[in-house]
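**Q** This note's numbering numbers the first residue of the first sequence as 15 and each following residue consecutively. In this text, a Cβ means the ideal position worked out from N, Cα and C, and glycines have one as well. Predicted model, so just to flag it, every value in this text is computed and none were measured.
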Amino acid sequence: MPVGTVATVKGVPQDILEDLGVQILLGNTYHLYLRPGVDTVRKLGGLHKFMAWPRAILTDSGGFQVFSLSELRRLTEEGVTFRSHLDGSSHFFSPESAMAAQIGLGGDIIMAFDECTEYPADRERTRASMELTLRWAGRSKKYFEEHKSEVPWNSVPSPQFPVPSQALFGIVQGGTDQSLRKESAERTIEIGFPGYAIGGLSVGEPRHITKEIVEATVEHLPTDQPRYLMGVGTPEEIVTFANLGVDMMDCVLPTRAARHGLLFTSEGKVSIKQARYAADEGPLDPNCPCRVCSRYSRAYLRHLYASNEVLAQVLNTIHNLSFYLDTMRAVRHSILLGRGARFSRPNP
RNA sequence: GCACAGGUGGGUGAGUGGUUAAAGCCGACAGACUGUAAAUCUGUUCCUCCUAGCGAGGUACGGAGGUUCGAAUCCUCCCCUGUGCA
15 MPVGTVATVK
25 GVPQDILEDL
35 GVQILLGNTY
45 HLYLRPGVDT
55 VRKLGGLHKF
65 MAWPRAILTD
75 SGGFQVFSLS
85 ELRRLTEEGV
95 TFRSHLDGSS
105 HFFSPESAMA
115 AQIGLGGDII
125 MAFDECTEYP
135 ADRERTRASM
145 ELTLRWAGRS
155 KKYFEEHKSE
165 VPWNSVPSPQ
175 FPVPSQALFG
185 IVQGGTDQSL
195 RKESAERTIE
205 IGFPGYAIGG
215 LSVGEPRHIT
225 KEIVEATVEH
235 LPTDQPRYLM
245 GVGTPEEIVT
255 FANLGVDMMD
265 CVLPTRAARH
275 GLLFTSEGKV
285 SIKQARYAAD
295 EGPLDPNCPC
305 RVCSRYSRAY
315 LRHLYASNEV
325 LAQVLNTIHN
335 LSFYLDTMRA
345 VRHSILLGRG
355 ARFSRPNP
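(1) DSSP on residue 41, reduced to helix/strand/coil?
(2) Could you give the first and the last residue of the continuous beta strand (DSSP E) run that contains residue 348?
(3) Provide the residue(s) that pair with residue 124 in DSSP beta bridges, ordered along the chain.
(4) Taking 9 Å as the cut-off, decide whether the C-beta atoms of residue 234 and residue 199 are in contact.
(5) So residue 189 and residue 131 are in contact, right, with Cβ under 8 Å, and what is the actual spacing, rounded?
(6) Under the three-state reduction of DSSP, which class applies to residue 84: helix, strand or coil?
(7) Grouping DSSP H, G and I as helix and E and B as strand, with all else coil, what is residue 310?
(8) Within a Cβ cutoff of 8 Å, which residues of the same chain sit near residue 87, ignoring the five residues on either side of it in sequence?
(9) Could you tell me the alpha carbon to alpha carbon distance between residue 285 and residue 39, rounded to whole angstroms?
(10) Starting from residue 284 and walking both ways along the beta strand (DSSP E), at which residues does that stretch end?
(11) Apart from the five residues on each side of it in sequence, which residues of its chain come closer than 7 Å, Cβ to Cβ, to residue 365?
(12) State the Cα-Cα distance for the pair residue 256 and residue 355, rounded to the nearest angstrom.
(13) May I ask you to list the residues that DSSP assigns as paired with residue 107?
(14) Going by CA-CA distance only, name the one from 48, 187, 226, 270 that's closest to residue 126.
(15) Throw me the rounded Cβ distance for the residue 245 and residue 265 pair, which I believe falls under 8 Å.
(16) Apply the 10 Å Cβ neighbour rule to residue 343 and answer buried if 16 or more other Cβ atoms are within range, or exposed otherwise.
(17) How big is the Cα-Cα spacing for residue 23 and residue 16?
(18) Take the Cβ of residue 7 as the centre, count every other Cβ of all protein chains shown within 10 Å, and call the residue buried at 16 or more, exposed below.
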């Protein structure tokens, strides 16, 4: 799932995202609440219509901002007070208000309001954070069940989601403690959601721990419901996690890295800003069928980057997303063939 | 020809007697980026040597000389650039 925090996947128009085969996008409640505002989006017919995106949307609850904006927030049992990173103004988020905002935005999948536990955190702190997330999960579900019919849905239904089909996913926390992960998973399942996310990872922990915790968490989640690993990963990692049983992932890495000149290819990472590509006539990735690789040279992409041209960001992002989406298509194909998740891709 | 202003490292531009191999910015080079406060951030950027260090030596602020314990900074002459006046 490409990340489109403020109702845009930075640098790439929606029609191209459709061409790339993107099925679902992420949006962020916190950012859209601040600007343009939930009411504005609601009045304009919801997020799908507002951003002209007919396919699925998942909105994150703002739970990650509890972590990433830690210097700008104050946390209590009731909720979190943020100081806006835009203008410093103060805003209160609770499970209830985060649900109200997400229902107002009108995404297809919305997320429970959680506390993304920081790394490192000791067991006591991790448990307290997990318990808070569990209480907030209960409150999120309660509010959602009572108010989901208020969805102001008048946007274009998608083939995958033909009717207003908002689903609230729970989020498992528990830091890097396997027993807490197990407990968090079981108690989140007890509350009951149509899908479950693994949160609190990719927050600075060593990557082998990420994998261990995913492994230790996934096994406690229902196999007949979506399992969503939040915030990962590299192309290699998403294959690994798919193999562990993860169904959905999102990550800013392909888009952010692209804007910073780091491109993922079948031959590994390419830092297109490097001088070695200045006269390189070849395609970025000779095995990639995307519109960037089939049209432009490495030398041109490097030139665009060095010249600080916006087209560099656009093309780089298109390629990285294309590479990620191809990777996941290959994984799905491989799974359908009964071979498990594989990184190998069909010949172009 | 005269009068002002000025010549600093790849560029621009601070610095006007001593922690100055010389700020900052740009450029160049390298690295980071994982539920987006990110078109961002970090490091390196005269040469040589080593025990690789807030190490040793060398060279450097248009040129040549001078003053001084010490000069990019002060003095003399010369060269060059810009502006104005002839």
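**A** Considering the structure as presented:
(1) Position 27 of the first sequence, counted from the first residue, corresponds to residue 41. It is a strand residue.
(2) For the purposes of this step, residue 348 is identified with residue 334 of the first sequence, where counting begins at 1. It is not in any beta strand (DSSP E) - residue 348 instead sits in the alpha helix (DSSP H) that spans 324-350.
(3) Looking up residue 124 in the first sequence gives position 110. Its beta-bridge partners are 73, 182.
(4) Here residue 234 corresponds to residue number 220 of the first sequence, with the count starting at 1. Here residue 199 corresponds to residue number 185 of the first sequence, with the count starting at 1. Cβ atoms of residue 234 and residue 199: closer than 9 Å.
(5) Start at 1 with the first residue of the first sequence, and residue 189 comes out as number 175. Start at 1 with the first residue of the first sequence, and residue 131 comes out as number 117. Yes, residue 189 and residue 131 are in contact; Cβ-Cβ is about 5 Å, under 8 Å.
(6) Numbered from 1 along the first sequence, position 70 holds the residue referred to as residue 84. Residue state, collapsed to three classes: helix.
(7) Position 296 of the first sequence, counting from 1, holds the residue named residue 310. In this structure, residue 310 counts as coil in the three-state DSSP scheme.
(8) Reading the first sequence from its first residue, position 73 is the one you call residue 87. Here the set comprises 79, 80, 94, 95, 96, 97.
(9) Position 271 of the first sequence, counted from the start, is the residue given in the question as residue 285. Position 25 of the first sequence, counted from the start, is the residue given in the question as residue 39. Taking the straight line joining both Cα atoms gives about 26 Å.
(10) The residue given as residue 284 occupies position 270 in the first sequence. Residue 284 -> beta strand (DSSP E) spans 282-285.
(11) Residue 365 falls outside the range modelled here, since the chain spans only 15 to 362, and no answer is possible.
(12) As a working note, residue 256 is residue 242 in the first sequence. As a working note, residue 355 is residue 341 in the first sequence. Straight-line Cα distance between these residues: approximately 6 Å.
(13) Position 93 of the first sequence holds residue 107. Looking at the DSSP assignment, residue 107 forms a beta bridge with 94.
(14) Start at 1 with the first residue of the first sequence, and residue 126 comes out as number 112. Per the Cα distances, 187.
(15) Indexing the first sequence from 1 puts residue 245 at position 231. Indexing the first sequence from 1 puts residue 265 at position 251. The pair is a contact, with the Cβ atoms about 6 Å apart (cut-off 8 Å).
(16) Mapped onto the first sequence, residue 343 falls at position 329. The residue in question, residue 343, is exposed, as its Cβ has fewer than 16 Cβ neighbours within 10 Å.
(17) One-based indexing of the first sequence puts residue 23 at position 9. One-based indexing of the first sequence puts residue 16 at position 2. Using only the alpha carbons, I get a separation of about 7 Å.
(18) This structure does not reach residue 7, given that the chain is present from 15 up to 362, and the question cannot be answered.
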